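Asker: One structure coming up, written as structure tokens, with questions to follow.
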Amino acid sequence: MTERLFALLDGLGIATDTHHHPPAFTVEQGNRVWGAIPGIHCKNLFLKDAKGKLWLVVAPGDRSIDLKRLPERIGSARLSFGSGELLQRVLGVEPGSVTPFALINDEERRVSLVLDAWMMAQPLLNFHPLRNDMTTTIASGDFRRFLAAIGHVGDEVTL
Numbered sequence: 524m525t526e527r528l529f530a531l532l533d534g535l536g537i538a539t540d541t542h543h544h545p546p547a548f549t550v551e552q553g554n555r556v557w558g559a560i561p562g563i564h565c566k567n568l569f570l571k572d573a574k575g576k577l578w579l580v581v582a583p584g585d586r587s588i589d590l591k592r593l594p595e596r597i598g599s600a601r602l603s604f605g606s607g608e609l610l611q612r613v614l615g616v617e618p619g620s621v622t623p624f625a626l627i628n629d630e631e632r633r634v635s636l637v638l639d640a641w642m643m644a645q646p647l648l649n650f651h652p653l654r655n656d657m658t659t660t661i662a663s664g665d666f667r668r669f670l671a672a673i674g675h676v677g678d679e680v681t682l
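Going by the working numbering, the letters in the sequence shown line up with residues 524 to 682, in that order.
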């Protein structure tokens, strides 16, 4: 799975830097293993709204996201977390490994992507490359190129 992601990035001419570390299931655990990896470390929320629409909200790891106020910002119905089974079925990753890179597996384009606008203005972003024992650093412009290549352009919103 990770090999397919890295092959696509290479094929697009996108340079990344991947670091191996102990598994990190939460931002708090990640803060202990990311160490000196440069760039913005991100949280990824896989959500389902009351109408059944799926969302992936990506924001800086230290950003607090109010799920009660989020619908008015992104145009969704009431939100709750998507189940681990739904996550696996749609994005092909396990809980604790949620990442926008997993949109490579969303061939039906079921997931709407929401990206924090401030985060996307930063030069370097960090995401799990489909597994939570690694962190991949990518330039924000290259991340946009990746998303365009897989047909998933995200809405950039102030969260």
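Heads up, the beta-carbon is just placed ideally off N, CA and C, and yes, glycines get one too. Fair warning: this is a prediction, and the values are worked out from it, not measured in the lab.
Put threonine 525 into one of helix, strand or coil per three-state DSSP.
Answerer: The residue you call residue 525 lines up with position 2 of the sequence shown. Three-state DSSP puts threonine 525 in a helix.
Asker: Apart from the five residues on each side of it in sequence, which residues of its chain come closer than 6 Å, Cβ to Cβ, to leucine 568?
Answerer: Translated into the one-based positions of the sequence shown, residue 568 becomes position 45. Hits under 6 Å: Val580.
Asker: Within 10 angstroms of its Cβ, does cysteine 554 collect 16 or more other Cβ (buried), or is it exposed?
Answerer: The residue given as residue 554 occupies position 31 in the sequence shown. The question names cysteine, yet the displayed sequence has asparagine at residue 554. Asparagine 554 should be labelled exposed.
Asker: Buried or exposed for phenylalanine 548, going by 16 or more other Cβ atoms inside 10 Å?
Answerer: The count along the sequence shown starts at 1 and reaches residue 548 at position 25. Counting Cβ neighbours within 10 Å, phenylalanine 548 comes out exposed, since fewer than 16 surround it.
Asker: Which runs of the alpha helix (DSSP H) fall wholly inside the stretch 574-660 and span at least 4 residues, in chain order?
Answerer: Listed in chain order, they are 593-597, 607-614 and 640-643.
Asker: Following the continuous alpha helix (DSSP H) through phenylalanine 669, name the residue where it begins and the one where it ends.
Answerer: As a working note, residue 669 is residue 146 in the sequence shown. Where phenylalanine 669 is concerned, the enclosing alpha helix (DSSP H) stretches over 663-672.
Asker: By alpha-carbon positions, which one of Arg632, Ala582, Gly664 and Arg586 ends up nearest to threonine 622?
Answerer: Position 99 of the sequence shown, counted from the first residue, corresponds to residue 622. Closest option to threonine 622, Cα to Cα, is Ala582.
Asker: Looking only at C-alpha atoms, which of Ala530, Asp639, Val676 and Leu535 sits nearest to isoleucine 563?
Answerer: Taking the sequence shown and counting its residues from 1, the one referred to as residue 563 is at position 40. Minimum Cα distance to isoleucine 563 is reached at Asp639.
Asker: When the Cα of cysteine 565 is compared with those of Ala672, Ala644, Val680 and Asn649, which residue comes out closest?
Answerer: Position 42 of the sequence shown, counting from 1, holds the residue named residue 565. The candidate whose alpha carbon is nearest that of cysteine 565 is Asn649.
Asker: For threonine 525, I'd like the list of residues in its chain whose CB is within less than 7 Å of its CB, leaving aside the five on either flank, ordered along the chain.
Answerer: For the purposes of this step, residue 525 is identified with residue 2 of the sequence shown, where counting begins at 1. The residues are Pro652, Leu653 and Arg654.
Asker: Over what stretch of residues does the beta strand (DSSP E) that includes histidine 564 continue unbroken?
Answerer: Within the sequence shown, numbered from 1, the residue matching residue 564 stands at position 41. Segment 563-572, the beta strand (DSSP E) holding histidine 564.
Asker: Closer than 7 Å by C-beta to valine 605: which residues in its own chain qualify, once you throw out the five before and the five after it? Chain order, please.
Answerer: Taking the first residue of the sequence shown as 1, we reach residue 605 at position 82. Reading off the sequence, residue 605 comes out as glycine, not valine. So the list reads Phe569, Leu570, Lys571 and Leu577, once near-sequence residues are dropped.
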